[in-house]
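I have placed the structure first, in the form of structure tokens, so that the comments after it can refer back to it.
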Amino acid sequence: MRNLPLWSDLCNRNCQARLVVLSDEQTTTYLGVRVMRRKLAAGNWKMNGTAAALPELQSLATSYPDASVDVLICPPATLLHRAAEAVKDTGITVGGQDCHAAESGAHTGDVSALMLVDAGASAVILGHSERREDHGEQNEDVCAKARSAMDAGLKAIICVGESLEQREAANTLDIIGGQMSGSIPDQSTGENLVVAYEPIWAIGTGKVPTLDEIGEVHDFIRARLERRFGEGVGRSVRLLYGGSVKPGNAAEIFAVSNVDGALVGGASLKAKDFSGIIDALQKA
1 MRNLPLWSDL
11 CNRNCQARLV
21 VLSDEQTTTY
31 LGVRVMRRKL
41 AAGNWKMNGT
51 AAALPELQSL
61 ATSYPDASVD
71 VLICPPATLL
81 HRAAEAVKDT
91 GITVGGQDCH
101 AAESGAHTGD
111 VSALMLVDAG
121 ASAVILGHSE
131 RREDHGEQNE
141 DVCAKARSAM
151 DAGLKAIICV
161 GESLEQREAA
171 NTLDIIGGQM
181 SGSIPDQSTG
191 ENLVVAYEPI
201 WAIGTGKVPT
211 LDEIGEVHDF
221 IRARLERRFG
231 EGVGRSVRLL
241 YGGSVKPGNA
251 AEIFAVSNVD
261 GALVGGASLK
271 AKDFSGIIDA
281 LQKA
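Residues in the sequence shown are numbered consecutively from 1, following the UniProt record's numbering.
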């Protein structure tokens, strides 16, 4: 996830559009100008991996030194600095799995966004359903963390998703909309925000929504972003799908409208599996 060029100076009477030009991978048009979103494969190692796992990361870096997509690995905090060193000068970057909203202070066991940057991170996952469930995080907590992350120069990957009960009750879009409204800061742009849709019931279960269901949610997220931030920013934010993504199903998921990549859990722990997903994303 490299520093990306920004087009400003595109005005339409009372508003100014800020467009992030990303690549020729995913394109749309705003005010007659193509807005392009660079694809992203993000791996969330969760609470897995010690120093013995670093060879897998080095193997991945060797396979994809000049990947045509952005590749991000989010290892445990204990590995973050060593992981950053392992992929230095390659096309792969590293990120954190969470951060505290405060810059510093009496918060035993927590890590601030500035600490993540100091360790070599370029991004941080926030609002993952496991954090919301295990630690009782609410939308306002996620929003505060995202503001801190953005202020520190990190890209905030904000996760949204519904439970099985909420989907069966036909409340999916209401839940997603509420999470977006409460979790995404007003300062968000295409440069500092990524939104990841992870249906809770699909994480680590092997179950995957239908392609139509994935498309419906991603189109909804895109529309909500455009409505809140304007078409320029709304169309430049990358949208990831997460939830039992594997090499075998990645290609069909990446063919869905408004899916710009994936947030991958277990399949990111092995270079061979994650490489297969990256291959599918490159070809999408």
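For every residue, glycine included, the Cβ atom is placed at its ideal position computed from N, Cα and C. Keep in mind that this is a model prediction, so the values were computed, not measured.
Check	Outcome
CB contact flag (residue 289, V124, <8 Å)	Since the first and last residues shown for the chain are 1 and 284, residue 289 lies out of range.
Reduced DSSP secondary structure (H/G/I, E/B, other) of N249	helix
Continuous alpha helix (DSSP H) stretch holding C99: start and end	No alpha helix (DSSP H) holds C99; DSSP gives it neither H nor E.
Proximal residues to E226 (C-beta, below 6 Å), its chain only, five neighbours per side dropped	G234
6 Å CB neighbourhood of G276 in its chain, flanking five on each side removed	P247
Local conformation of M36 per DSSP, three classes	strand
Span of the alpha helix (DSSP H) around L269	No alpha helix (DSSP H) holds L269; DSSP gives it neither H nor E.
Member of C143, T50, Q58 and D70 whose CA lies at the smallest distance from the CA of residue 285	This structure does not reach residue 285, given that the chain is present from 1 up to 284, and the question cannot be answered.
Distance cut-off 7 Å: S268 Cβ against heavy atoms of the ligand NAP	Of the ligands one can find in the structure shown there are none, so the ligand NAP has no counterpart to examine.
From G206, N192 and E191, residue whose alpha carbon lies closest to that of E198	G206
Buried versus exposed call for L164 [16 or more other C-beta atoms within 10 Å across all chains shown]	exposed
Reduced DSSP category for S112 - H, G, I as helix; E, B as strand; rest coil	strand
Cβ contact check for the region 101–115 and the region 163–180: 3 or more pairs under 8 Å	no
Environment of L22 [buried if 16+ CB atoms lie within 10 Å]	Unreliable positioning characterises L22 in this predicted model, as indicated by a pLDDT of 36, which lies under 50. The coordinate reading is nonetheless provided below. Buried is the call here.
Beta-carbon gap between V208 and G242 smaller than 8 Å	no
Start and end residues, alpha helix (DSSP H) containing A61	L54 to S63
Alpha helix (DSSP H) runs wholly inside the region 163–235, at least 4 long, in chain order	164–168, 172–183 and 211–229
Nearest-angstrom beta carbon gap, A251 and A284 [assumed within contact, 8 Å]	7 Å
V124, enclosing beta strand (DSSP E) - first and last residue	A123 to L126
L72 - containing beta strand (DSSP E), residue span	D70 to C74
DSSP-derived helix/strand/coil call for K145	helix
Start and end residues, alpha helix (DSSP H) containing A84	L80 to A86
Host beta strand (DSSP E) of A156 (start-end)	K155 to V160
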